[in-house]
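Below: the structure, in structure tokens.
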Amino acid sequence: MTATTPVTAPATEPKRKQRFDEGTGRLAATLLSPTLLVLGVVVLFPIISALRESLFTSGQHLDANGFVVKGETFVGLQNYADIFRGETGTRFWNAFYNTTFFTVVCVVLETVLGVAMALIMHKAFKGRGIVRASILVPWAIPTVISALLWKWIFQADGVANALLGTQILWSTEGWQSKLSVVLADTWKTAPFIGLLVLAGLQTIPAEVYEAAKVDGANAWKTFTRITMPLVKPALLVAVLFRILDTLRIFDLPFVLVGPHKDSVETLSMLAYDEAFNTRFGPAAAYATVLFVYIALVAYLFVKILGADVIGEARAKKPGGGKGGGRWKRSNAVKASASAAVTVSAASGSGRNI
Amino acid sequence: MAADIPQVRAGENAALKRWLPLLGIVVIVLYCLAPFYWMVVSAFRRPSDQFSNAPLPLPFSIQNFKDVFASGNGFGRGLLNSLIVAGSVTILTLIIGMVAAYTLARLDFKGKNLVLAIIITTSMFPGISLVVPLLKLFVDIKWINTYQAMIVPSLSFALPLAVWNLTAFFRQMPQELEQAAMVDGCTPAQAFRKVIIPLAAPGVFTTAIITFIAAWNEFMIALSMTNKKSIQTANVIVSQFTGATGRDQPFGSQMAAGVVVTIPLVIAVLLFQRRIVAGLTAGGVK
Numbered sequence: 001m002t003a004t005t006p007v008t009a010p011a012t013e014p015k016r017k018q019r020f021d022e023g024t025g026r027l028a029a030t031l032l033s034p035t036l037l038v039l040g041v042v043v044l045f046p047i048i049s050a051l052r053e054s055l056f057t058s059g060q061h062l063d064a065n066g067f068v069v070k071g072e073t074f075v076g077l078q079n080y081a082d083i084f085r086g087e088t089g090t091r092f093w094n095a096f097y098n099t100t101f102f103t104v105v106c107v108v109l110e111t112v113l114g115v116a117m118a119l120i121m122h123k124a125f126k127g128r129g130i131v132r133a134s135i136l137v138p139w140a141i142p143t144v145i146s147a148l149l150w151k152w153i154f155q156a157d158g159v160a161n162a163l164l165g166t167q168i169l170w171s172t173e174g175w176q177s178k179l180s181v182v183l184a185d186t187w188k189t190a191p192f193i194g195l196l197v198l199a200g201l202q203t204i205p206a207e208v209y210e211a212a213k214v215d216g217a218n219a220w221k222t223f224t225r226i227t228m229p230l231v232k233p234a235l236l237v238a239v240l241f242r243i244l245d246t247l248r249i250f251d252l253p254f255v256l257v258g259p260h261k262d263s264v265e266t267l268s269m270l271a272y273d274e275a276f277n278t279r280f281g282p283a284a285a286y287a288t289v290l291f292v293y294i295a296l297v298a299y300l301f302v303k304i305l306g307a308d309v310i311g312e313a314r315a316k317k318p319g320g321g322k323g324g325g326r327w328k329r330s331n332a333v334k335a336s337a338s339a340a341v342t343v344s345a346a347s348g349s350g351r352n353i
Numbered sequence: 001m002a003a004d005i006p007q008v009r010a011g012e013n014a015a016l017k018r019w020l021p022l023l024g025i026v027v028i029v030l031y032c033l034a035p036f037y038w039m040v041v042s043a044f045r046r047p048s049d050q051f052s053n054a055p056l057p058l059p060f061s062i063q064n065f066k067d068v069f070a071s072g073n074g075f076g077r078g079l080l081n082s083l084i085v086a087g088s089v090t091i092l093t094l095i096i097g098m099v100a101a102y103t104l105a106r107l108d109f110k111g112k113n114l115v116l117a118i119i120i121t122t123s124m125f126p127g128i129s130l131v132v133p134l135l136k137l138f139v140d141i142k143w144i145n146t147y148q149a150m151i152v153p154s155l156s157f158a159l160p161l162a163v164w165n166l167t168a169f170f171r172q173m174p175q176e177l178e179q180a181a182m183v184d185g186c187t188p189a190q191a192f193r194k195v196i197i198p199l200a201a202p203g204v205f206t207t208a209i210i211t212f213i214a215a216w217n218e219f220m221i222a223l224s225m226t227n228k229k230s231i232q233t234a235n236v237i238v239s240q241f242t243g244a245t246g247r248d249q250p251f252g253s254q255m256a257a258g259v260v261v262t263i264p265l266v267i268a269v270l271l272f273q274r275r276i277v278a279g280l281t282a283g284g285v286k
């Protein structure tokens, strides 16, 4: 069956369209409604109510006549204004800086390490099974547990200091606690990026490399001119998801170093702290600012680098993309390069790595 | 790495080419497993040897594990709670997500890409901006310290993950399958139920594992929505273990608890590594 798929696929294309198109709009809407409904309740509703909430303060306070008022009071943009000034302003900008710092440093490190790992795994013919299994171990360990593990490793008289011959108090305020978070995060996710890049590497047909060899390209040229451009779509998506994930980082610094530590407090931790103290208004304002920040980063990333998150859907309709022309071309290259591979993977058993 | 070795003499080059990747493999495996190994070793030490940095846990002891399951910790209950929450999230997600994924993979309709984009986008929202308003809502409707208060918000990341994974799996299955079934007189719904679901079982299974691991690892929601030990998940309970003297951290029992929480996942990963890798990369590399 696998072998016949590519041959018959173009021929059946128009026929399928006719059969599936009639009345599919309504059917699709019906079938999609449960998912969209659930997502509406657990995502859209909270986002909107956070926006509303951020315009109120709650809890007890005194009104103009000195009476205790309970419940919510509309304060307009007060919560947002408060974020940026005074003592809360210092705390906010510190958290904003930490969040950005972790994102930039962790993602850069993880990408470099991940690509390196993928190249090694791609080259090695022996021991792939062991590597694949061991790479999944850091990924499968819950972040909280790995945070505790790293806290233990970075203990004052722990193994990190013993191995390094140092006396660093890792989980106290300062650069060292930042570094411990970066190391722990990199350990957990660099292998994961490696895994995704490896899958991308394996969609590159051997003929492309042979052609490069015939043309006399050296190893470095092959890497920059062939490997990287062809792996780029997979890598960009992985990096985008890592960026979004690191921007909302919470568990790791919260458990590894602890709450209320200036060196590692992130925007998520700040919002959590406010909500934990039932200051829902400011908490919602912080959460909204973080949300806008993440949306902005995602938008810029997709716009500038052209990460193609729903790549396949777009590849099917060549005219329908909104990405730049340069991007579409390289996408087309990828599509044609991976066509041969997709066929063998189409049997449904998953790719063989 | 091996790619940027300059061209040296042919014989030396060939030897390098053979051994360098192998060396790289060893480094990667060590990098991934060494911290995990340290967790296991620390867990099996005697509490009195806790601060020993010897590479092997000698003398061997399971005292830490006994301490973890001591009644005061509520760790056993925490494991059960984790299982209930992660299990419910997985089952709910699969039931809801499978229909949507099949629709997205097979039906051609206007705005399909938009719907897929919306579903993926919802997984990108920061958890905290969902938790804050939901926490307030759950306080109002008295859902704090209930399972549903942890299950419902978890759908926000589990459902997009499952839909995305399943869509990729359904797309890999040849369309001829349903067409053949329909030629034989099945309605599209029957074709889905009788042909697709059994054939998609591996994909569904993989998605179930990945969703379960994601839900099992969840921390922020479980931390925010509960304050009673009897309802908290294992992750929250382990993070809040307190030592005998209050100030110091009981790292030995925390490592033992970590091993208990992690071992089922590690076994699942070892058993189903091929499928998990296929599932994880299905969405990312298309």
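Protein sequence lines correspond, in order, to chains R and A. With the UniProt record's numbering, the residue at position 284 of the first sequence is 284, and numbering never jumps. With the UniProt record's numbering, the residue at position 276 of the second sequence is 276, and numbering never jumps. All residues carry an ideal CB built from backbone N, CA and C; glycine is no exception. These numbers come from a predicted model, not from an experiment.
Considering only the beta carbon of each residue, do residue i and residue j sit closer than 9 Å?
i                      : j                      : result
residue 117 of chain R : residue 141 of chain R : no
residue 235 of chain R : residue 115 of chain R : yes
residue 268 of chain A : residue 207 of chain A : no
residue 255 of chain A : residue 40 of chain A  : yes
residue 122 of chain A : residue 39 of chain R  : yes
residue 217 of chain A : residue 144 of chain R : yes
residue 111 of chain R : residue 225 of chain R : no
residue 132 of chain A : residue 160 of chain R : no
residue 65 of chain A  : residue 259 of chain A : yes
residue 268 of chain R : residue 128 of chain A : yes
residue 239 of chain A : residue 265 of chain A : no
residue 133 of chain R : residue 92 of chain A  : no
residue 230 of chain R : residue 103 of chain A : no
residue 30 of chain R  : residue 96 of chain A  : no
residue 101 of chain A : residue 169 of chain A : yes
residue 226 of chain A : residue 158 of chain A : no
residue 136 of chain A : residue 49 of chain R  : yes
residue 51 of chain A  : residue 155 of chain R : yes
residue 123 of chain R : residue 251 of chain A : no
residue 166 of chain A : residue 195 of chain A : no
Quick one: is residue i near chain A, going by C-beta distance under 9 Å?
i                      : result
residue 143 of chain R : yes
residue 325 of chain R : Only weak support is given to the placement of residue 325 of chain R: the predicted model assigns it a pLDDT of 37, under 50, and the value that follows is read from those uncertain coordinates. By this cut-off, residue 325 of chain R is not an interface position.
residue 158 of chain R : yes
residue 155 of chain R : yes
residue 46 of chain R  : yes
residue 53 of chain R  : yes
residue 206 of chain R : no
residue 272 of chain R : yes
residue 168 of chain R : no
residue 134 of chain R : yes
residue 82 of chain R  : no
residue 96 of chain R  : no
Chain R beta carbons: is any one of them nearer than 9 Å to that of residue i?
i                      : result
residue 31 of chain A  : yes
residue 274 of chain A : yes
residue 67 of chain A  : no
residue 150 of chain A : no
residue 85 of chain A  : no
residue 256 of chain A : no
residue 107 of chain A : yes
residue 225 of chain A : no
residue 61 of chain A  : no
Contact check, residue i vs residue j under 8 Å by CB: the rounded distance?
i                      : j                      : result
residue 99 of chain R  : residue 247 of chain R : 6 Å
residue 150 of chain A : residue 85 of chain A  : 5 Å
residue 250 of chain R : residue 220 of chain A : 5 Å
residue 126 of chain A : residue 287 of chain R : 7 Å
residue 55 of chain A  : residue 120 of chain A : Incorrect: roughly 44 Å between the Cβ atoms, too far for contact.
residue 138 of chain R : residue 213 of chain R : Between residue 213 of chain R and residue 138 of chain R the Cβ distance is about 35 Å, and since that is not below 8 Å, they are no contact.
residue 192 of chain A : residue 24 of chain R  : Not quite, the Cβ-Cβ distance comes to about 14 Å (not below 8 Å), so this is no contact.
Ignore the nearest five residues each way along the sequence and tell me which others in residue i's own chain have a CB closer than 7 Å to its CB.
i                      : result
residue 177 of chain R : 170, 171, 257, 261, 263, 264
residue 299 of chain R : none
residue 273 of chain A : none
residue 285 of chain R : 54, 79, 80, 83
residue 106 of chain R : 182, 185, 186, 246
If you drop the 5 nearest sequence neighbours on each side, which residues of the same chain put their C-beta closer than 6 Å to that of residue i?
i                      : result
residue 156 of chain A : 130
For chain B, check one thing: does any of its Cβ atoms lie closer than 9 Å to the Cβ of residue i?
i                      : result
residue 143 of chain A : Looking at the structure shown, chain B is missing, and the protein chains on hand are R and A.
Exercise. Would you call the region 213–232 of chain R and the region 179–186 of chain R in contact, with 3 or more CB pairs under 8 Å?
Worked result: no
Exercise. Do the region 189–204 of chain A and the region 224–235 of chain A touch if we need at least three Cβ pairs shorter than 8 Å?
Worked result: no
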